[in-house]
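Data block below; observations after.
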Amino acid sequence: MERQGGEALDMKHWFKMYTLDNAGKAFLGATFGGLDSDESPRYVKDFDLFLLAWAFKSTFPIPAWFVQKIPHPKIKFVFDAEARIYQYGIDRFNEYIEKYGRVSQRRDLLTKMIGRKENDPDALADSDIAVEISNLCFAATDTTGTALVYLFWELARNPHLAERLRSELVDLPLVDGVIQHQSVSNVQFLEALIMEGLRAYPPLPSGLLREAPVGGCAIDGIYVPQGTIASTHTWTTHHSPEYFPHPDKFDPSRWLEGNVCEGMKKLWMPFSKGPRNCMGRTMGLFEMKILIATLVRRFHISIDNTMRDDAMDITDHFLLIPKGDKCLLRFTPI
């Protein structure tokens, strides 16, 4: 960013590359090289095509069925994105086994999954692990990347929020010039800022589907037969004026000590709720805290004047996506 000399950067792209490389390092022990180039890796482009195809099939299942039958290479390429994503996982798994074997001292998640398989008859099969590689990378990339996009957009729109956060960060110790997680873990306004960002702009606005168990269940006194698909709409819940006054206002102070009620905590669910909530919650919050603290401490953030007023309006493609499909921000060294 310092090398860009204050030029506008599409942070929708760069935040996605940041989270993609972090996911690669955590799961596979190596980055995807996303931050090394302005060009998105083929893997990321296939993610985007998959979301497009998935949204089309979910919204218009019958027309989508007919469109898939059209023998055109471009149409086939779009609908084959899902298969390419999972093939990527298979290829990376095989490369990993060939390079490191099944038992090693590496600390990435894949080593733990493979190592457990050696001693646990209930562990995942190789084919399942390969599928999970793609699932985990997908889940860890666009979600946190999207949250960061909208958070920094709000910081650029509301420089007083950035200044307040900067005042709490300026005296934090650095290690080799880098803010450490231990230092930012208790910065109250940073915590409030992230809570509000994930409330106002939940990366998965429509929530996740769940199925009623065998024998059915009762939800708030209402019997739900087994097999029934149920979901709580995250966006609507997060914008309930009963618990979040002026819900469309970006207001981190609502999460500061003394302002939070139990209802707010219960309704805040960007990572879903219950035993099947997001397993990457800790990692996602860790990434966000470190990056926000580092950039806000070192840069003034502003919106590029070429951004249209409606560019950041939300669109729901299962994942929250800005209408303009980019977020042009300028980072000026302090």
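With full-length UniProt numbering applied, the sequence shown covers 1 to 334.
The beta-carbon is built from N, C-alpha and C at its ideal position, and this holds for glycine as well.
Item                                                                                                                                                                          : Value
Rounded to whole angstroms, what's the CA-CA distance from Ala-130 to Gly-34? Just pull it up for me.                                                                         : 21 Å
Would you kindly work out how many angstroms separate the C-alpha atoms of Ala-125 and Gly-216, rounded to a whole number?                                                    : 31 Å
Quick one: what's Leu-319 bridged to in DSSP?                                                                                                                                 : His-317
Hey, how far is the Cα of Ser-40 from the Cα of His-13?                                                                                                                       : 8 Å
Just confirm the distance between the C-beta atoms of Ala-81 and Phe-50, as a whole number of angstroms; I'd bet it's less than 8 Å.                                          : 4 Å
For Met-195, tell me which candidate among Asp-46, Ile-75, Arg-157 and Arg-254 has the shortest Cα-Cα distance.                                                               : Arg-254
Three or more C-beta pairs closer than 8 Å, one from the region 286-295 and one from the region 168-188: is that the case here?                                               : yes
How long is the line joining the alpha carbons of Pro-241 and Leu-204, rounded to whole angstroms?                                                                            : 20 Å
From this set, Leu-136, Val-103 and Trp-65, which residue's C-alpha is nearest residue 368's C-alpha?                                                                         : An answer regarding residue 368 cannot be provided, because it is not within the stretch 1 to 334 covered by the chain.
Considering Cα atoms alone, identify which of Lys-289, Ala-230 and Pro-225 is closest to Glu-191.                                                                             : Lys-289
Spell out a yes or no on whether the region 307-324 and the region 54-73 are touching, meaning 3 or more CB-CB pairs, one atom from each, closer than 8 Å.                    : yes
Can at least three beta-carbon pairs, one atom from the region 65-75 and one from the region 97-107, be found at a separation below 8 Å?                                      : no
Out of Phe-79, Ile-62 and Lys-323, point me to the one whose CA is closest to Phe-47's CA.                                                                                    : Phe-79
Would Glu-154 pass as a contact of Phe-250 if the rule is Cβ separation under 7 Å?                                                                                            : yes
Quick check: the Cα distance between Pro-247 and Leu-256, rounded to an integer number of angstroms?                                                                          : 16 Å
Tell whether a beta-carbon distance below 7 Å holds between Pro-156 and Ile-321.                                                                                              : The sequence given here places Ala at residue 156; Pro does not occur at that position. Not in contact: Ala-156 and Ile-321 (Cβ atoms no closer than 7 Å).
Secondary structure at Phe-299, three-state DSSP: helix, strand or coil?                                                                                                      : strand
Cβ of Thr-234 within 6 Å of any heavy atom in the ligand NAD?                                                                                                                 : Absence of the ligand NAD is noted for the structure shown, with no ligands found whatsoever.
Going by C-alpha distance, which of Pro-173, Gly-145 and Lys-112 is nearest Phe-15?                                                                                           : Gly-145
So Thr-306 and Leu-285 are supposed to be a Cβ contact under 8 Å. How far apart are they, rounded?                                                                            : The Cβ separation is near 32 Å, so there is no contact.
Helix, strand or coil, according to DSSP, for Cys-327 in the structure here?                                                                                                  : coil
Buried or exposed: Glu-287, going by 16 or more other Cβ atoms within 10 Å of its Cβ?                                                                                         : buried
Taking a contact to mean a Cβ-Cβ separation below 7 Å, would you say Arg-102 touches Ile-114 in this structure?                                                               : yes
Return the chain-ordered list of same chain residues with a C-beta closer than 8 Å to the C-beta of Gly-227, the five sequence neighbours on each side being excluded.        : Glu-211 and Ala-212
Would you kindly work out how many angstroms separate the C-alpha atoms of Ser-231 and Thr-143, rounded to a whole number?                                                    : 19 Å
Write down every uninterrupted run of the alpha helix (DSSP H) in the region 164-217 whose length is 4 residues or greater and which is fully enclosed by it, in chain order. : 181-184 and 188-200
What's the C-alpha gap between Ala-64 and Lys-76?                                                                                                                             : 12 Å
For Ala-311, does the three-state DSSP call read helix, strand or coil?                                                                                                       : coil
Give the straight-line distance between the Cα atoms of Asp-309 and Gly-324, rounded to the nearest whole angstrom.                                                           : 10 Å
In terms of residue numbering, what span does the beta strand (DSSP E) encompassing Tyr-223 cover?                                                                            : 222-224
Could you give the DSSP three-state label for residue 366: helix, strand or coil?                                                                                             : Any answer about residue 366 is impossible in this case: the structure gives the chain only from 1 up to 334.
With distances taken Cα to Cα, identify the nearest neighbour of Ala-30 among Ser-37, Asn-22 and Asp-36.                                                                      : Asn-22
Compare the Cα-Cα distances from Leu-20 to each of Arg-330, Phe-138, Pro-252 and Lys-74 and report the closest residue.                                                       : Phe-138
Could you tell me if Pro-202 is buried or exposed, where buried requires 16 or more neighbouring beta carbons within 10 angstroms of its beta carbon?                         : buried
Taking the alpha-carbon of Thr-234 as reference, which of Asp-128, Asp-38 and Ser-272 has the nearest alpha-carbon?                                                           : Ser-272
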